[in-house]
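All remarks here apply to the structure that follows.
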Amino acid sequence: MPLDPLHAIEKIEKSLVETKRPVSISRLAKKTGLHYTTVRRYVTLLESVKKMPEIEIIKGEGITLVRTEKDFSKLSSTERKAVIKSYFPELSIEEKVLVRLLERDSTSESGAISIKKDKTIKSLLKAEIIKETKDDKVYLSGIGYKIAKGAKDIYGR
């Protein structure tokens, strides 16, 4: 009867945990009762798995890719967007305001628009993400423009 891969990996893992120090493939094979070649192949497999994408198995739905890279800055733009959308599925109220100003081309004083000064608008003004004209109209600051462009790019709004 062929060796069950899961059983072999569990034996190797248990042996490594019990040993708590570096051990040769020969010694590991002897300790687990597995053939030297089997141990070498599974150890190589375990080493490769560390470099593979992380997946999650969701009962009734299937397998989904969770993460392909541990360093966010090394992810492709598509992967970064997917990560952001998975943690933040909707735009925040502030981002919605910024995207709306961008869509209305309120990117300079000449394109400023009138908008009710609620708590969100006051917060954005205080943070200098939007600016206010002398006649109480608002428009995106430089940083506000960048945030709005990023949000629009990620969420496609």
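In this note's numbering, the protein residues as written are 91 to 247. By construction, the Cβ of each residue, glycine as well, lies at the ideal position given by its N, Cα and C atoms. All values reported here derive from a predicted model rather than from experimental measurement.
{"Check": "Which residues bound the alpha helix (DSSP H) around Lys236?", "Outcome": "232-245"}
{"Check": "Could you tell me which residues DSSP pairs with Ile148 in its beta bridges?", "Outcome": "Gly152"}
{"Check": "What residue range is occupied by the uninterrupted beta strand (DSSP E) comprising Lys221?", "Outcome": "220-222"}
{"Check": "Please state the DSSP three-state secondary structure of Lys227.", "Outcome": "strand"}
{"Check": "Could you check which residue in Lys209, Val228, Glu184, Leu215 has the C-alpha nearest to that of Asp195?", "Outcome": "Val228"}
{"Check": "Around the Cβ of Gly123, are there at least 16 other Cβ atoms within 10 angstroms (buried) or fewer (exposed)?", "Outcome": "exposed"}
{"Check": "Express the C-alpha separation of Ser166 and Ile147 in angstroms, rounding to a whole number.", "Outcome": "23 Å"}
{"Check": "Ile220 and Leu214 - do their beta-carbons sit closer together than 7 Å?", "Outcome": "yes"}
{"Check": "Return the first residue and the last residue of the alpha helix (DSSP H) that Arg190 is part of.", "Outcome": "183-193"}
{"Check": "Between the alpha carbons of Glu169 and Lys207, how many angstroms are there, rounded?", "Outcome": "36 Å"}
{"Check": "Indicate the three-state DSSP secondary structure (helix, strand or coil) for Ser204 in the structure shown.", "Outcome": "strand"}
{"Check": "Given a cut-off of 7 Å on the beta-carbon distance, is the pair Leu192 and Ala238 in contact?", "Outcome": "yes"}
{"Check": "Considering only the alpha carbon of each residue, which of Ser114, Lys110, Ala241, Gly150 lies closest to Ile174?", "Outcome": "Ala241"}
{"Check": "Using C-beta distances below 8 Å, list every residue in its chain close to Ser198, excluding the 5 sequence neighbours before and after it, in chain order.", "Outcome": "Tyr229"}
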